[in-house]
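**Q**
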Amino acid sequence: MVDSDNARTSLHHTLHLRAALPVFLVLLALPHITAALHAEFYVTLATRIAIFALAASSLNLILGFGGLVSFGHAAFVGAGAYTVGILMQHGTVPAAIAWPAAMLVSAGLACLIGFISLRTQGVYFIMITLAFAQMLYYLAVSLKTYGGDDGLPLAGRNTWAGIAPDDTALYYLALGALTLSLLFTQRLLNARFGQVLQGLRENPVRIQALGFPVLRTQLTAFTLAGAMAGLAGTLLANQGGFVSPSMMQWSQSGMLMVMVILGGVGHLYGGVLGAAAFLLLEEVLGHTTEHWQLGLGAMLLAVVLLAPRGLASLRSVWTRSQA
Amino acid sequence: MSGILLLEQALNGLQLGLMLFLLAAGLTLVFGIMDMVNLAHGSLYMVGAYLIATATQASGSFWWGLAAGVAGTALFGVLLEVSVLRRLYRRDHVTQVLGTFAILLMCNEAVRMIWGSQPLSLNPPAALSGPVELLPGFFYPAFRLLIIVVGLTTAVLLYLLVTRTRLGMQVRAGASNRDMALAMGTNVQRLFTAVFGLGAALCALAGGMLGPLLAVQVGMGESILILAFVVIVIGGIGSIRGALVGALLVGMVDSGGRTLLPMVFESLFGAALAADAAPAVASILIYVLMAAVLFFKPRGLFPAHG
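Going line by line, the protein sequences match chains A and B. Numbered by this note's numbering, the letters in the first sequence go through residues 8 to 330 in order. Numbered by this note's numbering, the letters in the second sequence go through residues 159 to 464 in order.
(1) State buried or exposed for R324 (chain B), treating a residue as buried only when at least 16 other CB atoms are found within 10 Å of its CB.
(2) Closest by CA to V320 (chain B), which one among B:L187, B:F454, B:L406?
(3) Closer than 7 Å, CB to CB, is T127 (chain A) near chain B or not?
(4) Comparing alpha-carbon positions, which option in B:G295, B:G366, B:F301, B:A333 lies nearest I162 (chain B)?
(5) Please state if the CB of A244 (chain A) and the CB of A62 (chain A) are separated by a distance shorter than 7 Å.
(6) E291 (chain B) by DSSP, collapsed to three states: which one?
(7) Cutting at 7 Å between CB atoms, please list the residues of its own chain near T127 (chain A), excluding the five before and the five after it.
(8) Is there a Cβ from chain B that is less than 7 Å from the Cβ of I93 (chain A)?
(9) Give me the chain B residues within the contact set of F200 (chain A), using Cβ-Cβ distance strictly less than 8 Å, ordered along the chain.
(10) Can you check whether the C-beta of E424 (chain B) is within less than 7 Å of a C-beta belonging to chain A?
(11) Let me confirm a value: G183 (chain A) is counted as buried when at least 16 other C-beta atoms fall within 10 Å, else exposed. Which label applies?
(12) From the DSSP output, in three-state form, read off T127 (chain A) for me.
(13) Would a C-beta distance cut-off of 7 Å place G393 (chain B) and A401 (chain B) closer than the cut-off?
(14) Roughly how many whole angstroms lie between the Cα atoms of V411 (chain B) and V112 (chain A)?
(15) Please list, in chain order, the chain A residues whose beta carbon lies closer than 7 Å to that of P467 (chain B).
(16) Does any residue of chain B have a CB that is nearer than 7 Å to the CB of G79 (chain A)?
(17) If you reduce the DSSP assignment to three classes, tell me which class Y125 (chain B) lands in.
(18) How is T166 (chain A) classed by DSSP in three states: helix, strand or coil?
(19) Is any beta-carbon of chain A found at less than 7 Å from that of V252 (chain B)?
(20) Got a sec: is the Cβ-Cβ distance from M254 (chain A) to anything in chain B below 7 Å?
(21) Check P282 (chain B) in the structure and name its three-state DSSP category.
(22) Under a Cβ-count criterion, where at least 16 other Cβ atoms within 10 Å of its own Cβ denotes burial, should T295 (chain A) be classed as buried or exposed?
(23) Quick one: what's got a C-beta closer than 7 Å to L18 (chain A)'s C-beta in the same chain, skipping five residues either side?
(24) Nearest chain B C-beta to V265 (chain A) closer than 7 Å, yes or no?
(25) Do you know whose CA, among B:M367, B:F454, B:P289, lies nearest N281 (chain B)'s CA?
(26) Can you tell which of A:Y89, A:I69, A:S65, A:A236 has the C-alpha that lies nearest to the C-alpha of F83 (chain A)?
(27) Within the 7 Å Cβ cut-off, does Y208 (chain B) reach chain A?
(28) Answer yes or no: does any C-beta atom of chain A fall closer than 7 Å to that of E267 (chain B)?
(29) Give a yes or no on whether the minimum CB-CB distance between L308 (chain A) and chain B is below 7 Å.
(30) Could you tell me how far apart the beta carbons of F72 (chain A) and L196 (chain A) are, in whole angstroms, since I believe they sit closer than 8 Å?
(31) Contact criterion: CB-CB distance below 7 Å. Does D434 (chain B) meet it with respect to chain A?
(32) When DSSP labels each residue in this structure, what does A57 (chain A) get in the three-state scheme?
(33) Quick check: is the beta carbon of Y145 (chain A) nearer than 7 Å to any beta carbon in chain B?
(34) Are the beta-carbon atoms of L496 (chain B) and A183 (chain B) separated by less than 7 Å?
(35) Could you tell me the alpha carbon to alpha carbon distance between P283 (chain B) and V240 (chain B), rounded to whole angstroms?
(36) First and last residue of the alpha helix (DSSP H) that includes Y208 (chain B)?
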């Protein structure tokens, strides 16, 4: 049994099945529970959380495990969403075509942007990824044929075997996508590739001296994260039935980053915890006061000052203060 | 005719560039000396513009409003630094991003609570509201001319402050090697509070100058913050000279691109495509510029750290 503090310094990541499996089972049963309680709205909220958990987890792959602080991650989410929207405008509705296409487009963009951005380091990397995301944002704004500034409404959802999924089916799709991507990430991190990636976060010079390819490893991670973000984008477009440039705005990238940091940078479940905490907080505060952003800001600041490693580290902070 | 258009665009570009410089100067020093990502810098610009608009309405004079607003924002900046930001210097960039993002959210919401969601109007002084004839047949708004004068004066004063005074020497020393500056007896902490206050005052000045042209509203800080980041990254983080060059470059390229590109595109590809493509290309031009600069010089044009 590895305790959580050691797990962070070790490069090996377990699924924490003892805690994760019960949660997963509850999530599987969620639509039935909400139906019994006549609170179907919560399925929509849970879908939204799963989608953002997927997007934040993909960012966590490069930010948390690769040490690459990308400030333009929303662009890949938006690119996936736009691919779905544009394909649908031209009559391509089946998910079997649209979803892989969206992931490919996002991955391709990530590969291109990563190739140029990875030449820089530190703050410059933060800023150049931001610049590329802004480029895509303005590109989307200027696409007059596809709605421009106003965005592009979708005719419907992508169909699976000719059937458009309802809210519950979409929830399961989002949950499935999130689960698969977490399993994939865990396998990836524990493989040699993941070990090299995390080594690069700790000491790039040493990894390079050991003869591992630096750029290729980081670029692969960046591209994979882009593809996962693209998948989140397709889900988001399917849920909202709407695609707009505001999905790519830099504040969206900032929000994804906040989710990752809030949940725990470099924890397998960091993105999930962060997305859930952030969106639930938004939901609860949004109901109590229209000035919820003030409370959100205060809470974020408290996390920064009190729990520097995010929510996933709270347990070790707690145990240390008890000792 | 086209000569006059070019001149007007050059002046517009200069005006935007100088205002960006006011914002970028404080940001680049904070970045350079403390290695600190400050997303809340744009909030100071917003708070400055709101304070100036309010003080102008209360006093009835733009100039008194400007003075009071700038002083108030500088004080706000110092308080922010002493209370919160100081705790973030030694932390990593992601934490700084999160912390200053939180401050940004709180500033936006606080401004919305105090002043409401409606944009405020900030009117330029009546004497400067009309156009001036610069050349025979060439009219230019007097207030925009004032912006250029204020921007140039501030740039010169700032340049003198940084290159000719003891404070400036310490700032440069801190930017190029913080630990060495500490070892040589510079009180970097107090220095940074001063730099932060100065940066806040410059933000407010830019807010007061641009307020009459753009709307004074919540969120005004975010869009310009990104531009300021682009400027300091192009110029090289921590370098005042780089901030000036970067700001003028961005200002010129942005306003030049917005007017010249449609004309170029129209002559090349015809009117239909130009109407669609030119605004798109014009709006991403500065980001292309930044990416190009970083591709060839990954640490900006004038890297401050040796």
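Heads up, the beta-carbon is just placed ideally off N, CA and C, and yes, glycines get one too.
**A** Short version:
(1) As a first step, residue 324 (chain B) is located in the second sequence; it is residue number 166 there, counting from the start. Exposed, because fewer than 16 other Cβ atoms sit within 10 Å of the Cβ of R324 (chain B).
(2) Taking the first residue of the second sequence as 1, we reach residue 320 (chain B) at position 162. Closest option to V320 (chain B), judged by alpha-carbon separation, among B:L187, B:F454, B:L406: B:L187.
(3) Your numbering for residue 127 (chain A) matches position 120 in the first sequence. Cβ-Cβ to chain B under 7 Å: yes for T127 (chain A).
(4) Indexing the second sequence from 1 puts residue 162 (chain B) at position 4. The candidate whose alpha carbon is nearest that of I162 (chain B) is B:G295.
(5) Walking along the first sequence from the start, residue 62 (chain A) turns up at place 55. Walking along the first sequence from the start, residue 244 (chain A) turns up at place 237. Taking 7 Å as the Cβ cut-off, A62 (chain A) and A244 (chain A) do not qualify as a contacting pair.
(6) Mapped onto the second sequence, residue 291 (chain B) falls at position 133. Strand, per DSSP.
(7) For the purposes of this step, residue 127 (chain A) is taken as residue 120 along the first sequence, with counting starting at 1. The answer, listed in chain order, is I135.
(8) Locating residue 93 (chain A) in the first sequence gives position 86, counting from the first residue. So no, I93 (chain A) is outside the interface.
(9) What you label residue 200 (chain A) is simply residue 193 of the first sequence in a count that begins at 1. None at all; the shortest Cβ gap to chain B is about 23 Å.
(10) Position 266 of the second sequence, counting from 1, holds the residue named residue 424 (chain B). No, its Cβ sits nowhere closer than 7 Å to a Cβ of chain A.
(11) As a first step, residue 183 (chain A) must be located in the first sequence, where it is residue number 176. With fewer than 16 Cβ atoms within 10 Å of its Cβ, G183 (chain A) is classed as exposed.
(12) For the purposes of this step, residue 127 (chain A) is taken as the residue at position 120 of the first sequence. In the three-state reduction of the DSSP assignment, T127 (chain A) falls in the coil class.
(13) Translated into positions along the second sequence, residue 393 (chain B) becomes position 235. Translated into positions along the second sequence, residue 401 (chain B) becomes position 243. Result yes, Cβ atoms of G393 (chain B) and A401 (chain B) sit closer than 7 Å.
(14) Taking the second sequence and counting its residues from 1, the one referred to as residue 411 (chain B) is at position 253. Taking the first sequence and counting its residues from 1, the one referred to as residue 112 (chain A) is at position 105. Rounded to whole angstroms, V411 (chain B) to V112 (chain A) spans 30 Å at the Cα level.
(15) No information on residue 467 (chain B) is available, as it lies outside the stretch 159 to 464 that chain B covers here.
(16) Along the first sequence, read from residue 1 onward, the residue named residue 79 (chain A) stands at position 72. Closer than 7 Å: no.
(17) Absent from the structure is residue 125 (chain B), since the part of chain B shown begins at 159 and ends at 464.
(18) Counting from 1 along the first sequence, the entry for residue 166 (chain A) is found at position 159. Looking at T166 (chain A) - three-state DSSP - the assignment turns out to be strand.
(19) For the purposes of this step, residue 252 (chain B) is taken as the residue at position 94 of the second sequence. It does: the Cβ of V252 (chain B) has a partner Cβ on chain A nearer than 7 Å.
(20) Looking up residue 254 (chain A) in the first sequence gives position 247. Answer no: the Cβ-Cβ gap between M254 (chain A) and chain B never drops below 7 Å.
(21) Residue numbering aside, residue 282 (chain B) sits at position 124 when the second sequence is read from its first letter. Coil.
(22) Taking the first sequence and counting its residues from 1, one reaches residue 295 (chain A) at position 288. So T295 (chain A) counts as exposed.
(23) Mapped onto the first sequence, residue 18 (chain A) falls at position 11. Excluding sequence neighbours, L18 (chain A) sits near Q202, Q205.
(24) Within the first sequence, numbered from 1, the residue matching residue 265 (chain A) stands at position 258. True, the Cβ-Cβ gap to chain B drops below 7 Å.
(25) For this step, residue 281 (chain B) is matched to residue 123 along the second sequence. Comparing Cα positions, the closest option is B:M367.
(26) For the purposes of this step, residue 83 (chain A) is taken as residue 76 along the first sequence, with counting starting at 1. Ranked by Cα distance from F83 (chain A), the options A:Y89, A:I69, A:S65, A:A236 are led by A:A236.
(27) The count along the second sequence starts at 1 and reaches residue 208 (chain B) at position 50. Closer than 7 Å: no.
(28) For the purposes of this step, residue 267 (chain B) is identified with residue 109 of the second sequence, where counting begins at 1. E267 (chain B) counts as touching chain A.
(29) Locating residue 308 (chain A) in the first sequence gives position 301, where the first residue counts as 1. At least one chain B Cβ lies under 7 Å of L308 (chain A).
(30) One-based indexing of the first sequence puts residue 72 (chain A) at position 65. One-based indexing of the first sequence puts residue 196 (chain A) at position 189. Right, the Cβ-Cβ distance comes to about 6 Å (below 8 Å), so this counts as a contact.
(31) One-based indexing of the second sequence puts residue 434 (chain B) at position 276. Closer than 7 Å: yes.
(32) Residue numbering aside, residue 57 (chain A) sits at position 50 when the first sequence is read from its first letter. Of the three classes helix, strand and coil, the one that applies to A57 (chain A) here is helix, per DSSP.
(33) As a first step, residue 145 (chain A) must be located in the first sequence, where it is residue number 138. By this cut-off, Y145 (chain A) is an interface position.
(34) What is shown of chain B runs 159 to 464, which leaves residue 496 (chain B) out entirely.
(35) Residue mapping note: residue 283 (chain B) aligns to position 125 of the second sequence, counting from 1. Residue mapping note: residue 240 (chain B) aligns to position 82 of the second sequence, counting from 1. Their Cα atoms are separated by approximately 35 Å.
(36) Here residue 208 (chain B) corresponds to residue number 50 of the second sequence, with the count starting at 1. Per DSSP, Y208 (chain B) belongs to the alpha helix (DSSP H) from 199 to 217.
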